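There are 2 protein chains.
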Amino acid sequence: MAKFLDMHRGMAGITGDQLKRAHSADVEIQDEEGVTFEHAWADPEEGVIYCLSEAPTADAVLRIHERAGHPADEIHHVPLSI
Amino acid sequence: MAKFLDMHRGMAGITGDQLKRAHSADVEIQDEEGVTFEHAWADPEEGVIYCLSEAPTADAVLRIHERAGHPADEIHHVPLSI
Chain A
1 MAKFLDMHRG MAGITGDQLK RAHSADVEIQ DEEGVTFEHA WADPEEGVIY
51 CLSEAPTADA VLRIHERAGH PADEIHHVPL SI
Chain B
101 MAKFLDMHRG MAGITGDQLK RAHSADVEIQ DEEGVTFEHA WADPEEGVIY
151 CLSEAPTADA VLRIHERAGH PADEIHHVPL SI
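One line per chain: the protein sequences are A and B, in this order. Residue numbering for the first sequence follows our numbering, beginning at 1 and increasing consecutively. Residue numbering for the second sequence follows our numbering, beginning at 101 and increasing consecutively.
Below, the structure is given as structure tokens:
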């Protein structure tokens with residue numbers, strides 16, 4: 001398993017409730033790809049969301065986001081962390 | 101206080117030790133601006149680093165990173181999180 005940080009753009013105006021619903025949509029199907037979404041952070045003003053996950057591959061994360069209706073714009077494998 | 105996520109590019113090849121030293125350089129002077137650096141994640145292959153912090157303003161975070169020798173390329177106020 002590896003750690004990934006992905007980013008979604010174009011989410012300006014997102015509310016706390018919408019973020020929770022989007023996260024729940026991911027969590028609901030994450031087991032099908034062996035992904036665990038751990039955290040999400042949103043900047044509603046500039047419309048950016050970051051998600052931290054553990055997953056077997058970046059593609060597994062991207063597939064879950066895609067199927068949940070919010071494809072990611074960028075993803076990074078982050079093997080180093082503090 | 102508010103939560104911020106910033107990003108540094110151009111850090112390809114960074115090692116775990118270098119990440120720790122860079123983080124320590126921030127932590128050493130963070131109190132001068134009321135900033136607390138909580139986490140950092142690095143993708144050494146694509147040279148991207150993300151830092152999560154609590155701070156009074158984005159500028160306070162940027163000033164610490166700048167003075168510590170590694171200015172950030174992007175920063176987002178992330179008031180929403182899961």
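Quick reminder that beta carbons are idealized off the backbone N, C-alpha and C, glycines included. The model shown is predicted, which means the values in this text are computed figures rather than measured ones.
Is there a C-beta anywhere in chain B that falls below 8 Å from the one on A/A42? The sequence position of residue 42 of chain A within the first sequence is 42, counting from 1. Taking Cβ atoms only, chain B reaches closer than 8 Å to A/A42, which makes this a yes.
With a threshold of 8 Å, are at least 3 pairs of Cβ atoms found where one atom belongs to the segment 63 to 82 of chain A and the other to the segment 164 to 171 of chain B? no
Can you name the residues of chain B whose CB is closer than 7 Å to the CB of A/V48? Numbered from its first residue, the first sequence carries residue 48 of chain A at position 48. Within 7 Å Cβ-Cβ: H176.
Just to confirm my understanding: we take A/G10, look at its own chain, exclude 5 residues before and 5 after, and list those with CB closer than 6 Å. What are they? The residue you call residue 10 of chain A lines up with position 10 of the first sequence. So the qualifying residues of the chain are G47.
Using CA atoms only, rank isn't needed, just tell me which of B/P144, B/W141, B/F137 and B/D143 is closest to B/P156. Here residue 156 of chain B refers to the residue found at position 56 of the second sequence. The shortest Cα separation from B/P156 among B/P144, B/W141, B/F137 and B/D143 belongs to B/F137.
Could you give the DSSP three-state label for A/I14: helix, strand or coil? Sequence index remark: in the first sequence, residue 14 of chain A carries index 14 (1-based). Coil.
Would the beta-carbon of B/V135 fall within 8 Å of that of B/I182? Counting from one through the second sequence, the residue named residue 135 of chain B turns up at place 35. Counting from one through the second sequence, the residue named residue 182 of chain B turns up at place 82. The answer is no: Cβ separation not under 8 Å.
Spell out whether any CB of chain A is found under 8 Å from the CB atom of B/S181. On the second sequence, residue 181 of chain B is found 81 positions in, with the first residue counted as 1. It does; some Cβ of chain A falls within 8 Å.
At the 8 Å Cβ level, is B/L119 part of the contact set with chain A, yes or no? Locating residue 119 of chain B in the second sequence gives position 19, counting from the first residue. At least one chain A Cβ lies under 8 Å of B/L119.
Counting only beta-carbon atoms, is B/G169 nearer than 8 Å to chain A? Working through the second sequence from its first residue, we reach residue 169 of chain B at position 69. Output row for B/G169: interface = no.
Taking A/V27 as the reference, give the member of A/V61, A/L5 and A/D17 with the closest Cα. Numbered from its first residue, the first sequence carries residue 27 of chain A at position 27. Selected option, being the one with the closest Cα: A/V61.
Quick one: grab the DSSP three-state call for A/E46. As a first step, residue 46 of chain A is located in the first sequence; it is residue number 46 there, counting from the start. Coil.
Buried or exposed: A/A12, going by 16 or more other Cβ atoms within 10 Å of its Cβ? Along the first sequence, read from residue 1 onward, the residue named residue 12 of chain A stands at position 12. Exposed, because fewer than 16 other Cβ atoms sit within 10 Å of the Cβ of A/A12.
Say whether chain A places a C-beta atom closer than 8 Å to the C-beta of B/H165. Counted from its first residue, the second sequence places residue 165 of chain B at position 65. Judged by the 8 Å Cβ criterion, B/H165 is not in contact with chain A.
Of the listed residues B/S153, B/H177, B/A102 and B/W141, nearest to B/Q118 (C-alpha basis): For the purposes of this step, residue 118 of chain B is taken as the residue at position 18 of the second sequence. Closest option to B/Q118, Cα to Cα, is B/W141.
Closer than 8 Å to chain B by CB, A/L62: For this step, residue 62 of chain A is matched to residue 62 along the first sequence. No, no contact with chain B.
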